[in-house]
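Residue numbers (our numbering): 22 to 966.
Note that the Cβ used here is the ideal one computed from N, Cα and C, for glycine as well.
This report concerns only the one structure given below.
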Amino acid sequence: MSVNRVTTRTVPEELDGVRTPLRGRDAELAFIEARLDALDQGEGGIVRVEGPAGIGRTRILAEAAAAARRRGTRVFQGAADPDEQFVPLGPFLDGVLAGKGPLSDVVRVRDLVTTPGQRFWLLQELGDRLRETVRRGPMLVVLDDLQWCDDLTLLTFHTLAAGLSSHAILWLVAVRGGSVPSGVRTTLDRIRQAGTHELALGALGDRATAQITEDVLGAPPDPDVLRVARRAEGVPQLLVELIGSLREDAAVTIANGMARLSGGPPAPRVLPSVVRRLDQLSDEARELVRTAAATGGPVTVGQLAELLGRSSAALITAVQESLDADLLAESGDRLAFRQDLIREAVEAGLPLSLRQALRRQTGGLPPGSAPADAAQVDRTVPGDAAEADRLRTEAAELAATAPGPAAERSLKALELTAADAPERPRIIAEAIPLLWQTGRAAQARELGASALAAGGLGPEDEALMRLALARLAVQFDFSEAVRQARAGAELPGISVTVRGRLLAMLAVGLSMSGEHAAAEQVAAEAWETAAAAGDRTAEATLTTVRSAVSFHRMDLTEAFRQAERSAALADALGVSTSLWVPEALWHALLSNTTGRTAEALAVAEEGIRITREQGRTAATRIWLMTRTRILLETGRLSDARADAEAASPAADDPGPGNLADVTLRYVMLRVALHTDDRQTAEAYAAEARRMRSDGAPVVRHFGTWMLALMADFEGRPDRAMAELDEVMTSPAADRPAYAGLIDPADAPVLVRMALRAGRHERAAQAVALAEKRAALNPELTFLAATAAHARGLLDNDLASLVRAVRLYEDCPRVLARASALEDAGRKLAATRKSEAVPFFETALALYARAGAERDVARVRRRLRAAGVRRRPSTSGLSDAWPELTAAELRAVRLVARGLTNQQVAEHLSLSPHTVSSHLRRAFTKLDVTSRAELTRLVKYRDSGE
Numbered sequence: 022m023s024v025n026r027v028t029t030r031t032v033p034e035e036l037d038g039v040r041t042p043l044r045g046r047d048a049e050l051a052f053i054e055a056r057l058d059a060l061d062q063g064e065g066g067i068v069r070v071e072g073p074a075g076i077g078r079t080r081i082l083a084e085a086a087a088a089a090r091r092r093g094t095r096v097f098q099g100a101a102d103p104d105e106q107f108v109p110l111g112p113f114l115d116g117v118l119a120g121k122g123p124l125s126d127v128v129r130v131r132d133l134v135t136t137p138g139q140r141f142w143l144l145q146e147l148g149d150r151l152r153e154t155v156r157r158g159p160m161l162v163v164l165d166d167l168q169w170c171d172d173l174t175l176l177t178f179h180t181l182a183a184g185l186s187s188h189a190i191l192w193l194v195a196v197r198g199g200s201v202p203s204g205v206r207t208t209l210d211r212i213r214q215a216g217t218h219e220l221a222l223g224a225l226g227d228r229a230t231a232q233i234t235e236d237v238l239g240a241p242p243d244p245d246v247l248r249v250a251r252r253a254e255g256v257p258q259l260l261v262e263l264i265g266s267l268r269e270d271a272a273v274t275i276a277n278g279m280a281r282l283s284g285g286p287p288a289p290r291v292l293p294s295v296v297r298r299l300d301q302l303s304d305e306a307r308e309l310v311r312t313a314a315a316t317g318g319p320v321t322v323g324q325l326a327e328l329l330g331r332s333s334a335a336l337i338t339a340v341q342e343s344l345d346a347d348l349l350a351e352s353g354d355r356l357a358f359r360q361d362l363i364r365e366a367v368e369a370g371l372p373l374s375l376r377q378a379l380r381r382q383t384g385g386l387p388p389g390s391a392p393a394d395a396a397q398v399d400r401t402v403p404g405d406a407a408e409a410d411r412l413r414t415e416a417a418e419l420a421a422t423a424p425g426p427a428a429e430r431s432l433k434a435l436e437l438t439a440a441d442a443p444e445r446p447r448i449i450a451e452a453i454p455l456l457w458q459t460g461r462a463a464q465a466r467e468l469g470a471s472a473l474a475a476g477g478l479g480p481e482d483e484a485l486m487r488l489a490l491a492r493l494a495v496q497f498d499f500s501e502a503v504r505q506a507r508a509g510a511e512l513p514g515i516s517v518t519v520r521g522r523l524l525a526m527l528a529v530g531l532s533m534s535g536e537h538a539a540a541e542q543v544a545a546e547a548w549e550t551a552a553a554a555g556d557r558t559a560e561a562t563l564t565t566v567r568s569a570v571s572f573h574r575m576d577l578t579e580a581f582r583q584a585e586r587s588a589a590l591a592d593a594l595g596v597s598t599s600l601w602v603p604e605a606l607w608h609a610l611l612s613n614t615t616g617r618t619a620e621a622l623a624v625a626e627e628g629i630r631i632t633r634e635q636g637r638t639a640a641t642r643i644w645l646m647t648r649t650r651i652l653l654e655t656g657r658l659s660d661a662r663a664d665a666e667a668a669s670p671a672a673d674d675p676g677p678g679n680l681a682d683v684t685l686r687y688v689m690l691r692v693a694l695h696t697d698d699r700q701t702a703e704a705y706a707a708e709a710r711r712m713r714s715d716g717a718p719v720v721r722h723f724g725t726w727m728l729a730l731m732a733d734f735e736g737r738p739d740r741a742m743a744e745l746d747e748v749m750t751s752p753a754a755d756r757p758a759y760a761g762l763i764d765p766a767d768a769p770v771l772v773r774m775a776l777r778a779g780r781h782e783r784a785a786q787a788v789a790l791a792e793k794r795a796a797l798n799p800e801l802t803f804l805a806a807t808a809a810h811a812r813g814l815l816d817n818d819l820a821s822l823v824r825a826v827r828l829y830e831d832c833p834r835v836l837a838r839a840s841a842l843e844d845a846g847r848k849l850a851a852t853r854k855s856e857a858v859p860f861f862e863t864a865l866a867l868y869a870r871a872g873a874e875r876d877v878a879r880v881r882r883r884l885r886a887a888g889v890r891r892r893p894s895t896s897g898l899s900d901a902w903p904e905l906t907a908a909e910l911r912a913v914r915l916v917a918r919g920l921t922n923q924q925v926a927e928h929l930s931l932s933p934h935t936v937s938s939h940l941r942r943a944f945t946k947l948d949v950t951s952r953a954e955l956t957r958l959v960k961y962r963d964s965g966e
């Protein structure tokens, strides 16, 4: 994340660059001075300043920094920016570099930031530097807008603040009140537990409002002007902009020492801060907020959906974004603006004809239900069973379309339920999947683990709790999912339905772990139990397991049939009832593995779109993980890496992240090998060593294959084959269907590796399996291509290699096709160099389009050996930007045109996280640290100067 230092930020009480006196904050400043007094005595700590947008958080931080400097205290200041979330640790690093006498050895620290897998050493290094610096005197570290900080900044902040709590360091952080990302909320919870001093900024009173109005106008306001000023509702930023606009428009005159309105009440006007907040929204959320403003008052989601011509479900993401931006708030069953002044400012920016048309259209809609009585909600107290039941019912109804609001209602019901109430365990079991789906997995796991640890649960309640925890664990820890499901299924006296679902989850966990024989056995028992209960939800999950079993047996026709049936069952039942992740996910993985990559990509992108609209954070992330594998196989290396970085596990994820192991970490290693990025490859090889000792066989197999690829990359084929020996001789029942390989296209890779190591028997084993797979599934051309390719390498047979090239032609597997072309060219070059050149040149163009620099360099060497001296065309690369991939360059140029990350994402049909990942890598490669610096570089390079 990038930084704007506090000294360059526009604070809420600035007008035309001139700062007005700070008004109405005497108590807050006295509190800050007291903390600085304590700091002078060697007592550090954390102060959290919280309040809504425009309330003056930044101004309080600036005043605190100035007060500290007057005392001679060393001050470091940093601030996050919502449009620049792509320089990891930016707020912290630029903050500590901005002060007088920055931390030493910052080059090493920056290197650690940009090196994957170095978080431990980074935190150690930063801790050492801070300890060294604080020996010379107390320090104040200021971090503004914590809600926009990247995960690494959040991790660094709470880790260092806790680890250095005995030192004379005062951490002063500001965060927007209300809804914040889950990672920020976790950080706030952790520092609160560590004893944070909290400073909540509320609205200013009448006296401060009158003083600020006088500061802006140069004279005390008369009652009419003061009535206008009160419309800002004590928010300093809105007040300064509102009164400043009156002054600029000559709507106020000074007469007899008083500021008076020149005419009647001023018309609504556009306010700069509101414009900036609108610009930070996506197009969909901005359209929704403007439409809500034009209706003139509180409005239901149904009314907005009708005005916008969409379904209510399609507005979920836009509504949540508007609530998170603090522009709208929920008022009963309606949405209303936080302040009417904001609504008027938004409406003032719309053409008059559009405002009038929307007002007329709103007037013709059904009135909807009346807003809920706020006082009624406020009167709810713990023990209110009727209200808790109502909230549980609402949560169940909302779960399918709005899991975020459903989770909040479920948690509220839990708050209203007494600790010893018999229904409390059921409410916890209901809340866990909702919290997981909305990105709060750590909180979900803590809820369930605490309930189990407390004891006293009946068998049915414990079974439901373990079912919820098993569903949660599937993404993070395959072995834990198996443990929870098995423990639940073994409980005596539980209902048939719950036992059937636990057995279904056990079968899923075993299948995902790679314990195929055990999964098949459990699935058979689960089928009988689910059939007895008439449970279609368990049937959908078990059908996916059947598909996976058929896949393991290489019966891909049956695997596809079962996968399609599973997805159809899940669609009919509704996503909220799914025991697992979306069943369509398995269909996408199956399609990709068998060469139907375009179909797999379309399914994945539709899954990402739908889950984003529904606010299902966990499912979106799982779909992103899946898409990384697909993008890798299609040769879109830069996009695969960007997706992998965007979906990377958070610091507080429960468990080792097994799903990330077999998707993101595997993809990052493969991309690093293709792009000759040794440092990144080594970092993920270290992850592979950890994976090799995991409890789940499939994770061990992935780790082993990754280490074999790394050894081969280092020129150690003997070591590569030694890594694979255990997998290739493991019991057949649980051996991966492709003899330790991850994908059918890896068969030629393994054959090449084995032949280099002189392990002919292992190469023959891989070819035999590839040919068996192709023979069992003759309708899948991709499998025939991989078998021909592997056979051609084993037999050194040109005919087989050329056949593989021909079979690959209609397959979107770019890298596999390029590899076959290269191998055919290599065979031809031994005796007919001129005939080899077209094969090499086509392979080169495919590798270059994919951004596979290592492969490009190797094929160029082959072309030179074949007598080709000219530099072949490398489509997709730019001579002016040799550091960047085509995807990174597209994002960079749009940013240089002034587009925000959100706008770039919409322009390129990517996620904002993927755009941030492209920009983060571009910033590192280009050695720039701000958008302004990047814009100057783009203008310089693209001008051709």
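Around the Cβ of His179, a 10 Å sphere holds 16 or more other Cβ atoms; the residue is buried. Secondary structure at Gln360: coil, using DSSP grouped into helix, strand and coil.
The beta carbons of Gly75 and Gln258 sit about 3 Å from each other, so the pair counts as a contact at 8 Å. Remark: C-beta atoms of Phe97 and Val162 approach each other more closely than 7 Å. Around the Cβ of Glu219, a 10 Å sphere holds fewer than 16 other Cβ atoms; the residue is exposed. Shown here for Trp548: same chain residues with a beta carbon closer than 7 Å to its own, the five before and five after excluded, namely Leu563 in chain order. Following the DSSP letters along the chain, one finds Ala428 inside the alpha helix (DSSP H) bounded by residues Pro424 to Glu436. Beta-bridge annotation (DSSP): Phe97 is paired with Val162. Between the C-alpha atoms of Pro424 and Ala434 there is a straight-line separation of about 15 Å. When secondary structure is reduced to three states using DSSP, Pro242 falls in the strand class. When only Cα atoms are considered, Arg824 and Arg885 end up about 26 Å apart. Only residues of its own chain outside the window of five on either side were considered, and among them Gly45 and Gly255 have a CB closer than 6 Å to the CB of Leu225, listed in chain order. Here the C-alpha atom of Gly477 lies approximately 14 Å from the C-alpha atom of Leu512. Annotation: Ser534 is outside any beta strand (DSSP E); the continuous alpha helix (DSSP H) that includes it extends over Val517 to Ser534.
Counting the other Cβ atoms within 10 Å of the Cβ of Pro426 gives 16 or more, which makes it buried. Contact between Val835 and Thr696 does not hold, since the beta-carbon distance rounds to 14 Å and is not under 8 Å. Per DSSP, Thr274 is not a residue of any alpha helix (DSSP H); the beta strand (DSSP E) it occupies stretches across Val273 to Ala276.
In this chain, the alpha helix (DSSP H) harbouring Ala702 covers Arg699 to Met712.
In the DSSP annotation of this structure, the continuous segment of the beta strand (DSSP E) that includes Met279 starts and ends at Met279 to Leu282. Here the region 170 to 188 makes no contact with the region 46 to 61; the two share fewer than three CB pairs at distances below 8 Å. Lys793 sits exposed, since fewer than 16 C-beta atoms from the chains shown fall within 10 Å of its C-beta.
Taking C-beta atoms under 8 Å as the contact rule, Thr641 and Arg633 qualify, at a distance of about 5 Å. Asp816 and Phe860 have their alpha carbons spaced roughly 20 Å apart. Gly323 sits in a helix when the DSSP states are folded into three classes. Under the three-pair Cβ rule at 8 Å, the region 569 to 578 counts as touching the region 792 to 807. Where Ile67 is concerned, the enclosing beta strand (DSSP E) starts and stops at Gly66 to Gly72. Here Ala681 is buried. Its C-beta has 16 or more other C-beta atoms within 10 Å. Here Asp739 has Ala778 as same chain residues with Cβ atoms under 6 Å from its own Cβ, once five neighbours each way along the sequence are excluded. For the pair Ala314 and Val291, the Cα-to-Cα distance works out to about 13 Å.
In the displayed model, Glu874 falls within a helix according to three-state DSSP. Following the DSSP letters along the chain, one finds Ile763 in no beta strand (DSSP E), marked with neither H nor E. Following the DSSP letters along the chain, one finds Arg297 inside the alpha helix (DSSP H) bounded by residues Pro293 to Asp300. The C-beta distance from Met727 to Leu690 rounds to 5 Å, short enough to meet the 8 Å contact threshold.
Excluding residues up to 5 positions away in sequence, Leu690, Arg691, Leu694, Ala741 and Val770 lie with their Cβ nearer than 8 Å to the Cβ of Leu730 in the same chain. With respect to Leu828, Thr863 sits apart: the two C-beta atoms are not nearer than 7 Å. Residue state for Val495 is assigned as coil, using DSSP reduced to three classes.
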